[in-house]
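Asks: Chains as they are written, first to last, in my numbering: chain C, 1392 to 1704; chain P, 644 to 1105.
All C-beta atoms in this analysis are idealised placements derived from N, C-alpha and C, irrespective of residue type, glycine included.
As the structure is a computational prediction, the values presented were derived from the model and not from experiment.
The structure that follows is given in the form of structure tokens.
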């Protein structure tokens, strides 16, 4: 686990040269990457979602491609097409054939195109004209969406939201951090000078190391209890799925490894719960109108479910 | 348990009955411990002394007497260091075991043993009760422990009383010369006193009159009392020394860890084995002591057997006295014990080698131990119990969240609270614990209680 912690320190320090005051988000992002999941960055324009994705890809030393989702984007624009050339059909791979894919404003594409990407995310492969092609490893999708501007968008259905391991928000930087940002960007963009501090082979090996992190059976039961609470809450129309439970456990394992531990503690689960469960919980319409949020449900779950600790005291 | 039982049977075969109580006591103490291999290593030197003492050797010359004293000193040193090790690393109740065993080796008297045990039980009971009251947790007497002590007490008393005349006692070794003539001053289990030396003033005074002078009854009574109290006072003196040493080391980083303890054991065992060897050589080929099962030596001018052996006559009427078998049996017992020791050492070395083969550094953590994990968790439970009236931990709070809250409330105790939590987490969720963790957890608990008590006192006075 020491290797994972060292890797995390190296990469996060490199990303921090570009992203100011986003240590916590970078931490969760890297944990999501180690877990083998995909991340949805949800925030208003101009908060650095694209910069974050590019800085991360550059630091990890992985292939990076960006695709801007628009209503007229077709699935083949994403996956690739077979074109007639020199008397034969030749496959021209789409942007999905990369290691880090930034799907910008994913909610602007039609559900058909969204589905094509989400299938690739879930299966790690794409099928074009009946031929299945495997995607690169590691394959990490960073999708962004703007929660404010809803005109001309196609919100991701619940089933597709479930495919994202995490939903993160960058938020606006603090006053001092914004000033520092201006100072840094005055002459040149630090992204231009950023260098890779890792590579694909190391990333693949570390993703396998995560599987060795120990999860106490009582903590696994705690994860299940949290997920089940989200299903039984009075305000919830649709709770978190078993896939969410798996994701929560995997994310907690990654957070433990990043901290240099070979075992998960309840704090890892709690930290992971907020970003893993929230986007998977659908509230009842009337409750949503009253101003309640899925974050409130997660908070209630964390305050209601007993943490496995010493008993009888 | 099986290993301990086997060890006792082995001892019962090779030891004369008067040595059984000590052996039984010693082995029974370990019967409840699961880590019998370490136990075996820890027990080896004293058991070697027992096996050796079971030879019932008497001393005939100055050289052998020196050896006997050196061995006694070594075994005492070992018993004392083991007691400290147990006190600091294991449980308080067990710490007295090597001291008892050693005291019993010096003077195997049932009454003094029972009195020492009783005293120890009372001390442990009062100490535990005081600790529970201080931590604010309900005091629960360990029924298994009480039963164990009661059983040991009864069995020890039974065996000592059944063993009849106790002839062996290293304590009564003369400075040299003739083997001690047994002069009983007390009851059946009383001590034996050496006869006055040939040139001494007492001998000269006694040499004149044909009738030995009548000892006043009160002197006889005082002698008897003194004899009975001697072992008890020896034990009490050792106990006081142990307490003083513990107090002196309190709060310092000093500790005798099991690895060092093993090294001490190996060194002592080898040294004791060397003593045994020298004694045997002197016995068989010189004018040293004698080995004749449980027989008594004849007069100095008794007929010699060939090859340096001396005929010491019959072993006595008791059914267990089999002089022709005792020496080979004892040698066999010693050999078996050494095989046990070698097996235990081999296992330890193999474990270390396999750890190195797996790429772990030489300073890798020891294997998880349920015992030490239990101690860390017990310390954390005590912390929660102590904090209950001040800041109760909610069910949904993680140990870290709780530590942060307590640290805010009691700033002085912040460091030990964080320390205890950091030790508790790997034990509770990762199953990792080693002896040092347990020790530190208990130290943190003490510091938390001291800091919070101090803060409460300051609040009350200020």
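So, is the C-beta of residue 1017 of chain P closer than 8 Å to a C-beta in chain C?
Replies: no
Asks: Quick check on residue 1613 of chain C - is its C-beta less than 8 Å from some C-beta in chain P?
Replies: no
Asks: Can you give me the C-alpha to C-alpha distance between residue 1044 of chain P and residue 1033 of chain P, rounded to a whole angstrom?
Replies: About 16 Å.
Asks: Once DSSP output is grouped into helix, strand and coil, what is the label at residue 953 of chain P?
Replies: Because the pLDDT at residue 953 of chain P is just 35, under 50, the model does not fix this residue reliably, and the value given afterwards should be weighed accordingly. In the structure shown, residue 953 of chain P falls within a strand segment according to DSSP collapsed to helix, strand and coil.
Asks: Does the Cβ-Cβ distance between residue 1582 of chain C and residue 1446 of chain C come in under 8 Å?
Replies: Against a cut-off of 8 Å, the Cβ pair of residue 1446 of chain C and residue 1582 of chain C comes out as a contact.
Asks: Examine chain P for any beta-carbon lying closer than 8 Å to the beta-carbon of residue 1704 of chain C, and answer yes or no.
Replies: Unreliable placement is indicated for residue 1704 of chain C, whose pLDDT of 45 sits below 50; no coordinate value is reported for it.
Asks: Under 8 Å: do the segment 1488–1501 of chain C and the segment 1531–1540 of chain C share three or more Cβ pairs, one atom per stretch?
Replies: The count of Cβ pairs closer than 8 Å, one atom from the segment 1488–1501 of chain C and one from the segment 1531–1540 of chain C, reaches three, so the stretches are in contact.
Asks: Look at residue 1609 of chain C and residue 1027 of chain P and say whether their C-beta atoms are less than 8 Å apart.
Replies: no
Asks: Using a C-beta cutoff of 8 Å, does residue 1658 of chain C count as contacting chain P?
Replies: yes
Asks: Taking only beta-carbon atoms, is residue 1027 of chain P less than 8 Å away from chain C?
Replies: For residue 1027 of chain P, a Cβ of chain C is located within less than 8 Å of the residue's own Cβ.
Asks: Indicate whether at least one CB of chain P lies closer than 8 Å to the CB of residue 1701 of chain C.
Replies: yes
Asks: Taking the continuous alpha helix (DSSP H) assigned at residue 1405 of chain C, which residues delimit it?
Replies: 1393–1407
Asks: Taking 8 Å as the threshold (C-beta atoms), are residue 1486 of chain C and residue 1509 of chain C in contact?
Replies: no
Asks: Nearest to residue 1694 of chain C by CA position, among C:1601, C:1662, C:1458, is which residue?
Replies: C:1662
Asks: Apart from the five residues on each side of it in sequence, which residues of its chain come closer than 7 Å, Cβ to Cβ, to residue 1464 of chain C?
Replies: Around residue 1464 of chain C: 1500, 1504.
Asks: Is it the case that the segment 1400–1409 of chain C contacts the segment 1438–1456 of chain C, given that we only count it when at least three CB pairs across the two stretches are under 8 Å?
Replies: yes
Asks: Contact between the segment 1616–1633 of chain C and the segment 1646–1656 of chain C: three or more CB pairs below 8 Å?
Replies: no
Asks: When burial is assigned at 16 or more other CB atoms within 10 Å of the CB, is residue 1477 of chain C buried or exposed?
Replies: Classification for residue 1477 of chain C: exposed.
Asks: Counting only beta-carbon atoms, is residue 1605 of chain C nearer than 8 Å to chain P?
Replies: yes
Asks: Give the secondary structure of residue 1099 of chain P by DSSP, where H, G and I count as helix, E and B as strand, and everything else as coil.
Replies: Residue 1099 of chain P: helix per DSSP, three-state reduction.
Asks: Under a Cβ-count criterion, where at least 16 other Cβ atoms within 10 Å of its own Cβ denotes burial, should residue 1680 of chain C be classed as buried or exposed?
Replies: exposed
Asks: Exposed or buried, what is residue 1580 of chain C when buried is set at 16 or more other beta-carbons lying within 10 Å of its beta-carbon?
Replies: Exposed, because fewer than 16 other Cβ atoms sit within 10 Å of the Cβ of residue 1580 of chain C.
Asks: Is the segment 1582–1594 of chain C touching the segment 1447–1455 of chain C in the sense that three or more CB pairs, one from each, lie closer than 8 Å?
Replies: When C-beta atoms of the segment 1447–1455 of chain C are compared with those of the segment 1582–1594 of chain C, three or more pairs fall below 8 Å, so the two segments count as touching.
Asks: Just to confirm the assignment, what range does the beta strand (DSSP E) spanning residue 1557 of chain C have?
Replies: That run of the beta strand (DSSP E) goes 1557–1559.
Asks: List in chain order: all unbroken alpha helix (DSSP H) runs of 4+ residues lying wholly within the segment 1051–1091 of chain P.
Replies: 1057–1068
Asks: Report yes or no: is there a C-beta of chain P within less than 8 Å of the C-beta of residue 1610 of chain C?
Replies: With its beta carbon less than 8 Å from one in chain P, residue 1610 of chain C belongs to the interface.
Asks: Pairing CB atoms from the segment 1563–1581 of chain C with CB atoms from the segment 1512–1531 of chain C, are three or more of them under 8 Å?
Replies: Contact between the segment 1563–1581 of chain C and the segment 1512–1531 of chain C is absent, because fewer than three Cβ pairs lie under 8 Å.
Asks: Below 7 Å on C-beta distance, what does residue 1697 of chain C contact in chain P?
Replies: 1038, 1039
Asks: Short of 8 Å Cβ to Cβ, which residues in the segment 1057–1088 of chain P face chain C?
Replies: For the segment 1057–1088 of chain P, the beta-carbon criterion of a distance under 8 Å to any beta-carbon of chain C is satisfied by 1068, 1069, 1071, 1072, 1073, 1074, 1075.
Asks: Confirm, please, whether the CB-CB distance from residue 1615 of chain C to residue 1636 of chain C is below 8 Å.
Replies: Note that the C-beta distance between residue 1636 of chain C and residue 1615 of chain C is below 8 Å.
Asks: If you run the structure through DSSP and keep just helix, strand and coil, what is residue 1473 of chain C?
Replies: strand
Asks: Our contact map puts residue 1439 of chain C next to residue 1559 of chain C with C-beta atoms below 8 Å; I'd like the distance itself, whole angstroms only.
Replies: In fact, because the Cβ distance is near 12 Å, the residues do not count as touching under 8 Å.
Asks: For residue 1480 of chain C, does the count of other Cβ atoms within 10 angstroms reach 16, so buried, or fall short, so exposed?
Replies: exposed
Asks: Taking CB distances under 8 Å as the criterion, tell me whether residue 1655 of chain C reaches chain P.
Replies: For residue 1655 of chain C, the closest Cβ of chain P is nearer than 8 Å.
Asks: Taking only the alpha-carbon atoms, compute the straight-line gap between residue 1091 of chain P and residue 1059 of chain P and give it to the nearest angstrom.
Replies: 6 Å
Asks: Any idea if residue 1414 of chain C is buried or exposed, counting beta-carbon neighbours within 10 angstroms, 16 or more meaning buried?
Replies: When all chains shown are included, residue 1414 of chain C counts as exposed.
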